[in-house]
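Visitor: Here you go, one structure.
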Amino acid sequence: MTTATKWNLTGTYFESCDCEIACPCIFLRPPNTENGDCNVLITWNIENGSFGDTDVSGLKVAMAAHAPGLMIDGNWKVALYLDENASESQQAALGQIFGGQAGGVFEIFAGFISEILGVGTASIEYSADGKNRSVKVGNIAEAAIEGIEGLDGADVTISGNPLGVSLGVPAVVATSTVNRFNDHGMTWDFSGKNGYYSDFNYEV
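Using numbering that gives the first Met the number 0, the letters of the sequence shown map in sequence onto residues 0 to 203.
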């Protein structure tokens with residue numbers, strides 16, 4: 000059951016998965032990976048945000064997820080990592096938001112999840128510079144992507160997709176230079192695969 004607490008988050012995010020470019024999952028199509036599943040690391044850089052009276056601006060959250068097939072069919076296994084710089088009240092707020100208990104987009108995401116492998120805190124180092132995005136989550140995960148150069152150097156974007164982390168905002172298409180993850184029995188290590196990044200604006 001959702002709470003009545005009002006919350007909002009704005010900032011930038013990026014994701015890196017092992018699908019070939021461009022990941023078809025956002026079009027409700029099966030993953031185009033060798034095994035037909037999808038492994039993805041998503042990171043949110045919260046520039047401004049609040050949960051009730053709790054300010055969560057400047058914090059970061061990362062999520063690793065495995066989907067065994069068509070993402071819309073669910074059965075995701077996920078691990079959630081909250082910024083170690085967050086206070087106890089901030090961690091509680093972020094846990095409720097990203098765990099889906101506070102309603103909004105993450106409540107929808109929660110409907111696809113069959114197993115939460117763990118919720119923990121970690122050092123999350125996030126960088127955004129031009130077409131480049133990168134993150135390091137403690138000794139657990141590392142990912143970096145670079146936006147694909149389009150016509151006359153412009154971004155290549157996708158919009159109108161029915162599934163995504165930041166619906167209604169054009170997603171910039173990118174390619175990974177690294178994506179490594181090892182925790183909770185999930186392990187992967189790849190590069191040269193799909194990435195997306197954009198702004199986000201969530202509120203309830």
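The beta-carbon is built from N, C-alpha and C at its ideal position, and this holds for glycine as well.
Specify the secondary structure class of residue 104 as computed by DSSP and reduced to three states.
Guide: helix
Visitor: Is the region 65-85 touching the region 34-52 in the sense that three or more CB pairs, one from each, lie closer than 8 Å?
Guide: yes
Visitor: For residue 128, which residues does DSSP report across the bridge?
Guide: 131
Visitor: Return the residue from the list 86, 160, 179 that minimises the CA-CA distance to residue 172.
Guide: 160
Visitor: By how many angstroms is the C-alpha of residue 11 removed from the C-alpha of residue 61?
Guide: 12 Å
Visitor: Rounded to whole angstroms, how far is the Cβ of residue 53 from the Cβ of residue 101, which I believe are closer than 8 Å?
Guide: Not a contact, Cβ separation roughly 11 Å.
Visitor: For residue 93, which of helix, strand or coil comes out of DSSP?
Guide: helix
Visitor: Between which two residues does the beta strand (DSSP E) harbouring residue 183 extend?
Guide: Note, residue 183: premise wrong, no beta strand (DSSP E); not H, not E.
Visitor: Keeping to the same chain, check which residues put their C-beta closer than 8 Å to that of residue 2; ignore five residues upstream and five downstream.
Guide: Because the pLDDT at residue 2 is just 46, under 50, the model does not fix this residue reliably, and the value given afterwards should be weighed accordingly. Contacts found: 95, 100, 101, 102.
Visitor: Roughly how far, in whole angstroms, is the beta-carbon of residue 142 from the beta-carbon of residue 178, given that I think they are within contact range, below 8 Å?
Guide: 4 Å
Visitor: Would you call the CB atoms of residue 87 and residue 120 closer than 8 Å?
Guide: no
Visitor: Throw me the rounded Cβ distance for the residue 288 and residue 146 pair, which I believe falls under 8 Å.
Guide: Past the edges of the chain, shown from 0 to 203, lies residue 288, and the structure says nothing about it.
Visitor: Would you report the Cα separation of residue 20 and residue 47, rounded to the nearest angstrom?
Guide: Straight-line Cα distance between these residues: approximately 31 Å.
Visitor: Reducing DSSP to helix, strand and coil, say where residue 122 ends up.
Guide: coil
Visitor: Specify, as a first and last residue, the run of the beta strand (DSSP E) that residue 63 falls within.
Guide: For residue 63, the uninterrupted beta strand (DSSP E) segment begins and ends at 59-66.
Visitor: Quick one: what's residue 198 bridged to in DSSP?
Guide: 11
Visitor: Determine the extent of the beta strand (DSSP E) in which residue 42 is found, giving its start and end residues.
Guide: 37-50
Visitor: What's the C-alpha gap between residue 85 and residue 44?
Guide: 13 Å
Visitor: Per DSSP, which residues does residue 144 bridge with? Please list them.
Guide: 132, 175.
Visitor: Using 8 Å as the threshold, is the C-beta distance between residue 162 and residue 118 below it?
Guide: no
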